[in-house]
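Okay, so here's the structure we're looking at.
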């Protein structure tokens, strides 16, 4: 299955953008769409997939989705550790330090961004 883009809400766009510039910059992601209501980042020059933070369209307060999570896939454990640590340094809340999860080479770290959105960074190591 192909995911084209993921969006999370914020109530403080400037603060959220500073957080994601720092965290997603660890993956080489750069801004490719900027409006007064939201910003999108991508690592893909063709922009087939992206991540966005946005002020809600209906102009009501942004809230956290119960049971929702965005996961960033990376190539190896050191990259998981690096991205997780950068998120924590930028003010993210720990939701589970990086480590093996559930077998099959799955390794992940979990955190909540400054608005409370749950995210993780993971890799699957094949032997």
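Residue numbers (my numbering): 2 to 128.
Think of the CB as a built atom: it goes at the ideal place given N, C-alpha and C, for glycine as much as any other residue.
Find the nearest neighbour of residue i within the set the options, judged by alpha-carbon distance.
| i | options | result |
| --- | --- | --- |
| residue 16 | 30, 31 and 40 | 40 |
| residue 63 | 125, 8 and 45 | 8 |
| residue 68 | 6, 118 and 14 | 118 |
| residue 13 | 98, 80, 24 and 57 | 57 |
Determine the contact status of residue i and residue j, defining contact as a CB-CB distance below 8 Å.
| i | j | result |
| --- | --- | --- |
| residue 50 | residue 122 | no |
| residue 28 | residue 44 | yes |
| residue 52 | residue 111 | no |
| residue 120 | residue 73 | yes |
| residue 55 | residue 38 | yes |
Which of the three DSSP states, helix, strand or coil, is assigned to residue i?
| i | result |
| --- | --- |
| residue 19 | helix |
| residue 80 | helix |
| residue 25 | helix |
| residue 49 | coil |
| residue 115 | coil |
| residue 14 | helix |
| residue 90 | helix |
Grab me the residues of residue i's own chain with a C-beta within less than 8 Å of its C-beta, minus the 5 sequence neighbours each way, in chain order.
| i | result |
| --- | --- |
| residue 32 | 22, 40, 41 and 42 |
| residue 75 | 28, 81, 84, 122, 123 and 124 |
Can you find the residues in the same chain that come closer than 6 Å, C-beta to C-beta, to residue i, ignoring five residues on each side of it along the sequence?
| i | result |
| --- | --- |
| residue 125 | 106 and 107 |
| residue 101 | 108 |
| residue 48 | 33 |
| residue 71 | 7 and 120 |
Does chain B have any CB closer than 8 Å to the CB of residue i?
| i | result |
| --- | --- |
| residue 30 | No chain B is part of this structure, which consists of one protein chain only. |
Leaving out five residues on either side along the sequence, give the residues of the same chain with a beta carbon under 7 Å from the beta carbon of residue i.
| i | result |
| --- | --- |
| residue 83 | 27 |
Quiz item: For the 8 Å Cβ check, are there 3 or more pairs between the region 19-31 and the region 78-95?
Solution: In short, these stretches touch, since the Cβ pair count reaches three.
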